[in-house]
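Numbering (mature numbering (1 follows the signal peptide of the UniProt record, and there is no 0)), first residue to last: -24 to -1, 1 to 80. Ideal placement from N, C-alpha and C gives every residue a C-beta, glycine not left out. Beneath this line is the structure, given in structure tokens, with notes to follow.
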Amino acid sequence: MRFAPATPIAAFGLVLCMIAPTLAAPSCLKGERKIQEAAALRYQAREEARLGNRDRVCDTLDEVGDRYEDAKEAFEDCGAGIVAIDLRSETRALRAAKSVNRCD
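Here you go:
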């Protein structure tokens, strides 16, 4: 039985396609963790706003922005660019929250 020369190349490509997502997974997990942290901080900012502590609200919203930037970088590193694009809408909502709370 004779193998075509492309068979080893195709096998290597298949193995590479199976391994690449596994190698990228830690970055994606880091991005997901940063988004969860940002969500928790947004909840904390809402509670601080409800209590009337405006200084804490602004500091917390700044931390949320930092978490979104970290998540965006992590998703770009792992190749999930579409999630990084979706984070742009979250940062727009964050800017709106900062303007409502007079943080800018």
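Worksheet item: Would you call residue 63 buried or exposed, if buried means 16 or more other Cβ atoms sit within 10 Å of its Cβ?
Response: Counting from 1 along the sequence shown, the entry for residue 63 is found at position 87. By the 10 Å Cβ count, residue 63 comes out buried.
Worksheet item: Among the residues of its own chain, which have a CB less than 6 Å from the CB of residue 33, if the five just before and after it don't count?
Response: Within the sequence shown, residue 33 is the residue found at index 57, counting from 1. Only 21, 24, 25, 77 meet the Cβ criterion.
Worksheet item: alpha helix (DSSP H) containing residue 31: first to last residue?
Response: Looking up residue 31 in the sequence shown gives position 55. Run containing residue 31: 30 to 54, per the alpha helix (DSSP H) assignment.
Practice prompt. Name the residue from 70, 65, 16 whose alpha carbon lies nearest to the alpha carbon of residue 41.
Written response: Along the sequence shown, one-based indexing puts residue 41 at 65. It is 70.
Worksheet item: Tell me which same chain residues have a C-beta within less than 7 Å of the C-beta of residue 17, skipping the five on either side of it?
Response: Residue 17 sits at position 41 when you count from the first residue of the sequence shown. So the list reads 36, 39, 40, 43, once near-sequence residues are dropped.
Discussion item. According to DSSP, is residue 79 part of a helix, a strand, or is it coil?
Written reply: Locating residue 79 in the sequence shown gives position 103, where the first residue counts as 1. Note: residue 79 maps to coil in three-state DSSP.
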